[in-house]
Every structure is written in C-alpha cells, then in structure tokens.
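These protein sequences, in sequence, are chains A and B. The opening residue of the first sequence carries number 0 in numbering that gives the first Met the number 0; numbering runs sequentially from there. The opening residue of the second sequence carries number 0 in numbering that gives the first Met the number 0; numbering runs sequentially from there. Glycine residues also receive a C-beta, built at the ideal position from the N, C-alpha and C atoms. For clarity, every value in this text was computed on a predicted model and none was experimentally measured.
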Amino acid sequence: MTSSAPSSAAKRRSRGPAIFALSLMTVSGSLCWYLYGWETVRQVLFEDWDLMVNVLPRMALGVLMYGLLTVLVPRDWVAKHMGRDAGLKGLIIGTLAGAVTPGGPWVIYPVAAMLLRFGAEVGAVVAFIISWSVLGMNRFLVWEVSFLGEHMATLRILAALPLPILGGLLIRQFWPETRWPRVERE
Amino acid sequence: MSVSTIVLIGMVIVLGLVVQVHPERSLAEAMRLSTKQAINLIPIIIPAIISAGFVAQLLPSEEIGRWVGADSGFQGAMIAAVFGSLMPTGPMLILPVVAALLSADAGVGQMLALLNAWSMMNAQRLVLYDIPLAGPPLAARRYLIGMAMTPLAALLGLVVVG
C-alpha cells in the first residue's frame with residue numbers, strides 16, 4: 000500500500016550511496032597505497048575478504064527478511080492500536096513496530112504519515128520513527144552484527160532501548176496537539 | 000555459525016511459512032521486493048567492506064584514543080555523540096569507521112554513544128528524507144527531541160558497558 004516510494008527520493012537513493020562507497024574505496028585505497036605502499040594494500044584486501052565472507056550471506060538473509068516482512072506487517076492494525084487513547088501501550092506498540100519494520104527512510108516516512116492520517120497519536124508515531132532508527136532489527140542483524148560483532152551490536156541495542164519511548168513521551172509533553180501537515184507523495 | 004545467523008535463518012523460514020499460509024499475502028511479491036533490495040545493496044556493500052579495511056589502516060589511533068578512549072568518560076562520550084550526529088552518512092560508512100575506531104583504542108561506551116546519536120540524528124537523512132517526506136514540522140520536532148536525548152544516549156552508552 001505505501002511501499003511504493005516517492006519516486007524522486009527513491010531515485011536519489013539508488014545511485015548516491017553506491018557512488019559514495021565506490022569513491023570512498025578508491026580514495027582510501029589510494030591513500031593507503033601512497034602512505035604505506037602496495038604490501039599494506041594487499042594485506043588489507045586479504046583481511047577484507049574474510050569480512051566479506053562473513054557479511055554477504057547475512058546480507059542475503061536480511062534482504063529476504065525485508066521482502067517477507069514488507070508483505071506481512073499489518074500496518075492498519077498498528078494504526079488502530081496507536082491512537083489517542085492508547086497511552087503507554089501506544090508508545091510500546093510504536094516502538095515494537097519500528098523495530099521490526101524493514102526498509103529505509105523512503106519506506107518509514109510514508110508509513111509514519113499513513114499512521115498519523117489513520118488516527119495514530121503523534122507520540123506513538125515519533126516512538127515508531129525513533130525506534131526504527133535506533134532499534135531496527137533488520138539493520139541490527141544485517142549491518143551491525145557483521146561489522147561490529149554480536150557483543151558490541153547487542154550492547155548498542157541495550158543502550159538505545161529507552162530512547163524511543165522517552166522520545167514519544169517528550170513529544171507528548173511539548174507538542175501534544177500539533178496539526179501535522181498532510182504529507183503528499185506516497 | 001554464529002547465533003545471530005541461526006536466528007536470522009530461523010526468522011526467514013518462519014516468515015516465509017507465514018506468508019505461504021496467508022492466501023492474501025504473496026510470496027512472489029516478497030521475493031520481488033527482496034531481489035530489488037539486493038540489487039540496490041550489492042554495489043554499496045562490496046566497496047564499503049573493502050573501504051573498511053583501508054579506513055582502519057588510515058585512522059590516527061593515538062589521537063582518537065585521547066579524545067574518545069575508554070578513559071575519556073562522559074566528556075568523551077559526548078564528543079563521540081556530537082561527532083555521530085554530524086556524520087552525514089548511512090550505515091555503510093559509519094559502521095566500518097566505528098569498527099576501525101574500536102580497533103584503534105576508542106572506548107566501547109563512547110562508540111555506543113556515537114552510534115545511537117548518529118541513528119537518531121543522521122544529518123544526511125534529515126535533509127534528504129525527514130524534511131521532504133515527513134514535512135518540516137515533524138522533522139524539526141523529532142530532531143530537537145533527538146538533540147535533547149543526546150546526553151542520555153552518551154550516558155546510556157557508558158552505563159551499558161559498566
């Protein structure tokens with residue numbers, strides 16, 4: 000339903016990061032070669048190979064999970080249980096939904112806009128957005144465990160645990176009844 | 000095989016079965032989305048992994064140890080958090096950089112603060128996505144709340160490490 004991304008943002012996304020990553024590789028590689036010589040570059044590439052063998056299978060699984068969750072997550076149910084009377088429950092549901100919703104910002108913001116329009120309360124929606132950004136399970140399993148290791152990635156989740164609910168409470172405290180603009184482009 | 004890989008495999012199997020038994024959900028649609036996502040990711044992830052090694056090699060470890068090392072305490076965590084919130088990048092750069100910083104004597108709690116501040120306030124996302132997609136009022140308020148919670152993120156990073 001909302002998975003069709005706004006085309007301009009989606010296009011901007013598809014090329015930029017790849018070009019960035021390629022430039023980063025070229026620049027950092029050249030610098031290494033210039034400063035430390037060819038032997039170091041070769042050694043680094045050997046170490047990178049180990050990392051790649053570790054990351055790529057996990058990435059494939061994460062991508063599968065992304066597709067499956069996208070067709071599964073019952074977004075209208077979430078909206079119903081994140082309404083004005085939901086209280087702390089709304090914040091908790093927003094947090095859980097944010098943690099399991101896969102996809103990048105081009106998915107999350109249209110979903111957040113949809114939730115607001117379906118009558119979800121703003122604190123719960125903010126908890127949803129913050130939770131997606133700090134607790135996102137997909138990113139945790141695919142990116143963070145691969146690069147940081149299980150221990151460090153788990154510590155990070157623990158340190159982030161209170162942030163979505165606190166964010167929701169703060170926005171309820173300071174801007175409870177703001178009129179949110181209609182979000183175009185879905 | 001690590002625990003998280005097993006969890007991931009289990010989740011994929013369970014989710015696949017759930018999609019399969021729901022007549023109104025399409026497994027083919029899920030696979031189409033996955034393939035599209037994979038095609039998007041491959042040109043990013045491979046150069047990112049290769050860069051990770053180079054960046055680790057290039058970082059000035061002594062300097063970093065002084066600013067955000069394990070002994071740098073709350074002040075170091077705040078420096079790391081502010082640095083994280085200013086990083087204009089997605090996970091493909093920040094994670095290799097953090098991995099490299101960790102091997103270059105940065106403190107674990109400080110790096111947790113950096114990652115969580117970056118997750119909440121990623122500057123690139125604010126400009127590219129938050130403002131156009133969520134609209135300036137919601138984007139600005141969410142960002143302000145992120146800023147207000149940065150000291151907490153720094154503190155939590157330290158607390159979790161103990």
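- One or two residues paired with G68 of chain B in a DSSP bridge: B:A105
- Query: Between the C-alpha atoms of M146 of chain B and A123 of chain A, what's the straight-line distance to the nearest angstrom?
  - Reply: 19 Å
- Query: Would you call the CB atoms of I38 of chain B and A17 of chain A closer than 7 Å?
  - Reply: no
- Message: Let's test the definition: count the other Cβ atoms within 10 Å of the Cβ of I173 of chain A and tell me whether it reaches 16, buried, or not, exposed.
- Response: The sequence as given places Phe at residue 173 of chain A; Ile does not occur at that position. Result: exposed.
- Message: Can you pull out the residues from the region 69-83 of chain B whose beta carbon lies closer than 8 Å to at least one beta carbon of chain A?
- Response: none
- Following the continuous alpha helix (DSSP H) through F117 of chain A, name the residue where it begins and the one where it ends. Neither: F117 of chain A is in no alpha helix (DSSP H) and is coded neither H nor E.
- Would you say E185 of chain A faces chain B, with C-beta separation under 7 Å as the test? In this predicted model, E185 of chain A has a pLDDT of only 34, less than 50, meaning its place in the structure is not dependable; the value taken from the coordinates is given anyway. E185 of chain A does not count as touching chain B.
- Message: With three or more C-beta pairs closer than 8 Å as the rule, is the region 89-102 of chain A touching the region 99-118 of chain B?
- Response: no
- Could you say which of B:G108, B:R124, B:V17, B:V96 lies nearest to V106 of chain A if we only look at CA atoms? B:R124
- For the candidate residues A:I129, A:L147, A:F146, whose alpha-carbon lies nearest to that of R141 of chain B? A:I129
- Task: For Q123 of chain B, decide whether its Cβ has a neighbour in chain A, counting only Cβ atoms nearer than 7 Å.
- Result: no
- Task: Classify A27 of chain B as buried or exposed, calling it buried when 16 or more other Cβ atoms lie within 10 Å of its own Cβ.
- Result: exposed
- Task: Return the residue from the list A:S22, A:L44, A:L162, A:V144 that minimises the CA-CA distance to P56 of chain A.
- Result: A:V144
- Query: Does DSSP put H21 of chain B in a helix, a strand or coil?
  - Reply: coil
- Message: I want to verify the contact list: residues of chain B whose CB lies under 9 Å from the CB of M64 of chain A, in sequence order.
- Response: L7, M10, V11, L14, S33
- Query: Which class does S1 of chain B belong to by DSSP, given the choice of helix, strand or coil?
  - Reply: coil
- Message: For a contact defined as C-beta to C-beta under 7 Å, what are the partners of S27 of chain A on chain B?
- Response: S50, F53, V54, L57
- Query: Closest by CA to K79 of chain A, which one among A:L140, A:P163, A:G118?
  - Reply: A:G118
- Task: Counting only the same chain and skipping the five closest in sequence on each side, list residues whose C-beta sits under 7 Å from that of S2 of chain A.
- Result: Because S2 of chain A sits at a pLDDT of 41, beneath the cut-off of 50, its placement in the model cannot be relied upon, and the point is left open.
- Within its chain, find whatever has a CB closer than 6 Å to the CB of A138 of chain B; leave out the 5 residues flanking it on each side and keep chain order. D129, I130
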